[in-house]
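Here is the structure we will look at.
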Amino acid sequence: MRLSRYFLPVLKEDPKEAQIVSHRLMLRAGMIKQQAAGIYSWLPLGFKVLRRIEQIVHEEQQRAGHIPMLMPTLQPADLWRESGRYDDYGEEMLRLKDRHKRDLLYGPTNEEMITDIFRSHVNSYKDLPLTLYHIQWKFRDEIRPRFGVMRGREFLMKDGYNFDLTKEDALHAYNRHLVSYLRSYERMGLQAIPMRADGGPIGGDYTHEFLVLAETGESEVFYDKEITDLTFGDRAIDYDSVEQCQAVLEEFTGRYARTDETHDQAIFDEVPEERRRTARGIEVGQIFYFGTKYSDAMGATVVGPDGQRVPVHMGSHGIGVSRLLGAIIEANHDEKGIIWPEGVAPFHVGIVNLKQGDNSTDSACEAIYAELQTRGLDPLYDDRDERAGAKFATADLIGLPWRITVGPRGLAANKVELTSRRTGESEELSPKEAIARLEAIYAPVLGSVVRDK
Ligand code: P5A
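Sequential numbering of the sequence shown, starting at 224, is according to my numbering.
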């Protein structure tokens, strides 16, 4: 993309309404625009990052064997009357009527609808296990929408639902989700710690929330510091292996880590004092096992091996896709702006032309721009007729992880400058070397296409 043709409405001044840094930077970098309390338009730069996050979530869900689909945002109230949640959900649910006076709601989650789909089409245990998911907008009429996309009213969630014959199988699905979530967050450059939590309106007493530690987080958390040393990394995992998935669960949930809802001071006190930590965290996902709560209420049964009908065991699993932008920025910024981790960067590299209109810098920039694209990279070429300082400030604010600076003096020696946004370090390289370096840096990010098994 050429910046002269893009739509990047950056703000010079700090917006007054933003209380936390991620909200401020998303507004300043021209990523979002508020349309009503907790409801945002996603401007091109914000939309690009949102799509990158979605892509990672899709790839990791499909790697785990989960099947993508799409359910609508509007749901008939009758489904929710079956489960009893139509009344229970209270004022957080946005209720509406169509022209025939039928009750509808804007879905805050999809347990009822997916259970309805399941009972309509699945009849035998032989069709299990089954995990379906979608990435769809949700609406929750939060009392206090705040912090930008962090606590929105309309927000994007990945929600997945597993259907299994037995509790053991459903717990394997739970573990599979835990592993796939660890991988997803790490690919986004985040450490998200699974913590024992409360089921809330979804139900079930076996549930973990994934928390990114941050001062601005809305949840209070208590944990054993040792848990922050764990990373999943690029280890191979067989998602069909009950033992392997169980081992990861045990490794990542074996130490004390709880939100305030389930915190137990007596157990916490057993952790050696020097390892005990109290902090704040941003909840970026939650997984639930709730057994037959919905299948009992809605008659979702299958014919089991002995010919008897049995209710299926279910769980649901959510990732806060739009909230993740805020969480990533909270964890990755400095006084100049955002510092995107490579895995989610809207553009992989910025090209700054120090002398727009000069034949040699213009043609060098064009050549670098074209070559990066040929190699599958996504550059943002700042071809505006602006001062160098203004171009650097924009690249820093919007958080591009790498910058290639092209000026007449360097070019005379066949050199450009490659600068890391995170460390600020620069290296003089030939254009060819700079491109090769970027290709190597992004190889792990680009080479992650997952095929159906
Ligand atoms: C699991 C999937 C559920 O709704 N049903 C389907 C279950 N879980 S949850 O914890 O309530 O939500 C899942 C994730 O969505 C994000 N989230 C939000 N993001 C932005 N604004 C909100 N108001 C909001 N509410 C929930 C969180 O990341 C949460 O973990």
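Here a beta-carbon is modelled for each residue, glycine too, at the ideal position from N, C-alpha and C.
| query | Taking the DSSP output, what are the residues bridged to Arg-499? | reply | In the sequence shown, residue 499 corresponds to position 276, counting from 1. Residue pairing from DSSP places Arg-499 in a beta bridge opposite Asp-447.
| said: Considering only their Cβ atoms, is the gap separating Ile-505 from Gly-679 smaller than 8 Å? | reply: Nothing about residue 679 can be reported from this structure: the residues present for the chain run from 224 to 676 only.
| query | How about the segment 294-309 and the segment 402-409: do they share at least three Cβ pairs that are nearer than 8 Å? | reply | Contact between the segment 294-309 and the segment 402-409 is absent, because fewer than three Cβ pairs lie under 8 Å.
| request: With 8 Å as the threshold, decide whether the Cβ of Leu-434 is near any Cβ in chain B. | output: Of the chains in the structure shown, none is chain B; there is only one protein chain.
| task | Could you pull out every unbroken alpha helix (DSSP H) segment of at least 4 residues lying fully inside the segment 295-339, listed in chain order? | result | Correct list: 300-306, 308-311.
| request: List the DSSP bridge partners of Lys-361. | output: For the purposes of this step, residue 361 is identified with residue 138 of the sequence shown, where counting begins at 1. Per the DSSP secondary-structure output, Lys-361 pairs in a beta bridge with Phe-378.
| the ligand P5A heavy atoms versus the CB of Met-537: any closer than 7 Å? | By one-based count along the sequence shown, residue 537 stands at place 314. Closer than 7 Å to some heavy atom of the ligand P5A: that does not describe the Cβ of Met-537.
| field | Alpha-carbon to alpha-carbon, Leu-394 and Arg-363 | value | By 1-based counting over the sequence shown, the position of residue 363 is 140. By 1-based counting over the sequence shown, the position of residue 394 is 171. So the two alpha carbons sit approximately 28 Å from each other.
| query | Do Arg-374 and the ligand P5A come close, with the Cβ less than 7 Å from some heavy atom? | reply | On the sequence shown, residue 374 is found 151 positions in, with the first residue counted as 1. Look at Arg-374: its beta carbon is less than 7 Å from one of the heavy atoms in the ligand P5A.
| query | Helix, strand or coil for Ser-653 per DSSP? | reply | Your numbering for residue 653 matches position 430 in the sequence shown. Looking at Ser-653 - three-state DSSP - the assignment turns out to be coil, as it is neither helix nor strand.
| query | For Gly-371, which of helix, strand or coil comes out of DSSP? | reply | Position 148 of the sequence shown holds residue 371. Looking at Gly-371 - three-state DSSP - the assignment turns out to be helix.
| task | Would you kindly check if the distance between the Cβ of Leu-669 and the Cβ of Gly-199 is under 8 Å? | result | Residue 199 lies beyond the range of the chain shown here (224 to 676); nothing can be said about it.
| message | For a quick check, are the C-beta atoms of Gln-414 and Thr-451 less than 8 Å apart? | response | Counting from one through the sequence shown, the residue named residue 414 turns up at place 191. Counting from one through the sequence shown, the residue named residue 451 turns up at place 228. In contact: Gln-414 and Thr-451 (Cβ atoms closer than 8 Å).
| message | Within a Cβ cutoff of 7 Å, which residues of the same chain sit near Ala-520, ignoring the five residues on either side of it in sequence? | response | Taking the first residue of the sequence shown as 1, we reach residue 520 at position 297. Excluding five sequence positions before and after Ala-520, the CB atoms of its chain that fall closer than 7 Å to its own CB belong to Glu-305, Ser-306, Gly-307, given in chain order.
| request: Give the range of the beta strand (DSSP E) segment to which Pro-602 is assigned. | output: Residue 602 sits at position 379 when you count from the first residue of the sequence shown. Taken as a continuous stretch (DSSP letters only), the beta strand (DSSP E) holding Pro-602 covers 602-605.
| query | Is DSSP giving Arg-275 helix, strand or coil here? | reply | Here residue 275 is taken as the residue at index 52 of the sequence shown, counted from 1. Reduced to three states, the DSSP call for Arg-275 is helix.
| task | Taking Gly-427 as the reference, give the member of Tyr-517, Asn-398, Lys-349 with the closest Cα. | result | Here residue 427 is taken as the residue at index 204 of the sequence shown, counted from 1. Out of Tyr-517, Asn-398, Lys-349, Tyr-517 has the C-alpha closest to the C-alpha of Gly-427.
| Among Met-380, Ile-627, Arg-607, Gly-633, which one has its Cα closest to the Cα of Ala-657? | Mapped onto the sequence shown, residue 657 falls at position 434. Minimum Cα distance to Ala-657 is reached at Ile-627.
| message | Restricting to runs no shorter than 3 residues, where is the beta strand (DSSP E) found entirely within the segment 242-292? | response | Within the segment 242-292, the complete beta strand (DSSP E) runs of at least 3 residues fall at 255-259, 262-265.
| What residues are listed by DSSP as bridge partners for Met-418? | In the sequence shown, the residue the question calls residue 418 occupies position 195. DSSP, once it has assigned bridges, lists Glu-432 as partnering Met-418.
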